[in-house]
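The structure appears below as structure tokens.
Residue numbers (the numbering used here): 51 to 177.
Quick look at the structure:
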């Protein structure tokens, strides 16, 4: 039973373990990932807004893991977020060039997580 629980929620587990810390880095220390220095209050505000978005999604994913009422919503949101991030990164490949290895790997991770979320959703709703 525990193995089934983990497998059914693996997309949400992995996503929440990744996006919450990444969101915190975006909000409080973006220079750890990017060669940038935020200078204005507006720049800090935008990065903190992105942090809030990532943390909110992470909380939704955690709710989906522990409360079955939220599982479908969390899984659909997971697929949309992952495919949305992957789409933006692919668009950036064509318009901006090839990013660092970390962000190239991110594209594949996001596509895999989005696809697995759709697979899990289809599998669970077919029952």
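Even for Gly, the Cβ is constructed at its ideal location relative to N, Cα and C.
Residue j beta carbon less than 8 Å from that of residue i
i: residue 108; j: residue 70; result: yes
i: residue 171; j: residue 136; result: no
i: residue 106; j: residue 62; result: no
i: residue 104; j: residue 73; result: yes
i: residue 113; j: residue 127; result: no
i: residue 77; j: residue 101; result: yes
Neighbourhood of residue i by C-beta, 7 Å cutoff - its chain only, sequence neighbours within 5 removed
i: residue 164; result: 129, 132, 133 and 136
i: residue 115; result: 59, 62 and 63
i: residue 86; result: 80
Boundaries (first-last residue) of the alpha helix (DSSP H) holding residue i
i: residue 146; result: 118-146
i: residue 61; result: 52-78
i: residue 241; result: Because the chain spans 51 through 177 in this model, residue 241 falls outside it and cannot be assessed.
i: residue 167; result: 151-175
Beta-carbon proximity list for residue i, same chain, < 6 Å, skipping 5 on both sides
i: residue 82; result: 75
Sequence-distant residues of the same chain with beta carbon closer than 8 Å to residue i, five excluded per side
i: residue 166; result: 60 and 61
Legend entry - Entirely enclosed alpha helix (DSSP H) segments - the stretch 90-114, minimum 4 residues: none
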